[in-house]
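Chemist: Residue numbers (full-length UniProt numbering): 1 to 113. We put the CB at the ideal spot given by N, CA and C, even for glycine. Small disclaimer: the values here were computed from a predicted structure and weren't measured.
Right, dumping it as structure tokens:
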């Protein structure tokens with residue numbers, strides 16, 4: 001199997017920067033999670049996501065933080081919560097999610113390239 005992507009394949013994944021505007025615990029989730037509301041700027045608007053990030057993050061400290069997220073996946077029902085984007089992260093040494101973010105503040109909605 002060849003896993004090589006073309007540039008056109010890469011362009012199909014719409015990864016944008018957004019700012020978390022609201023975060024709440026999601027104790028009803030099968031695995032511990034936090035509900036996020038992320039502002040991806042005027043073109044895309046606010047999107048919701050359920051993220052399994054409870055090891056390193058607390059809902060009270062997340063608002064105002066910029067994150068990267070995929071905004072063109074179909075919506076996905078996570079329990080009683082409809083997730084509208086996928087917030088991106090990488091695993092730490094214990095396989096727990098560490099969120100991806102830009103080094104410097106950038107305008108919401110900027111597309112990764």
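Answer with buried or exposed for residue 19, where buried requires no fewer than 16 other C-beta atoms within 10 angstroms of its C-beta.
Modeler: As a working mapping, residue 19 is identified with position 19 in the chain shown. With 16 or more Cβ atoms within 10 Å of its Cβ, residue 19 is classed as buried.
Chemist: On a CA-only basis, which of 74, 15, 97, 65 is nearest residue 33? Give me that one, please.
Modeler: Along the chain shown, read from residue 1 onward, the residue named residue 33 stands at position 33. For the residues 74, 15, 97, 65, the minimum Cα distance to residue 33 belongs to 97.
Chemist: Span of the alpha helix (DSSP H) holding residue 20?
Modeler: Residue numbering aside, residue 20 sits at position 20 when the chain shown is read from its first letter. Counting along the chain, residue 20 falls outside any alpha helix (DSSP H), though it belongs to the beta strand (DSSP E) covering 15 to 26.
Chemist: Sort out for me which residues DSSP pairs residue 51 with in a bridge.
Modeler: On the chain shown, residue 51 is found 51 positions in, with the first residue counted as 1. DSSP, once it has assigned bridges, lists 34 as partnering residue 51.
Chemist: Which term fits residue 43, buried or exposed, when burial requires 16 or more other beta carbons within 10 angstroms of its beta carbon?
Modeler: Here residue 43 is taken as the residue at index 43 of the chain shown, counted from 1. Label assigned to residue 43: exposed.
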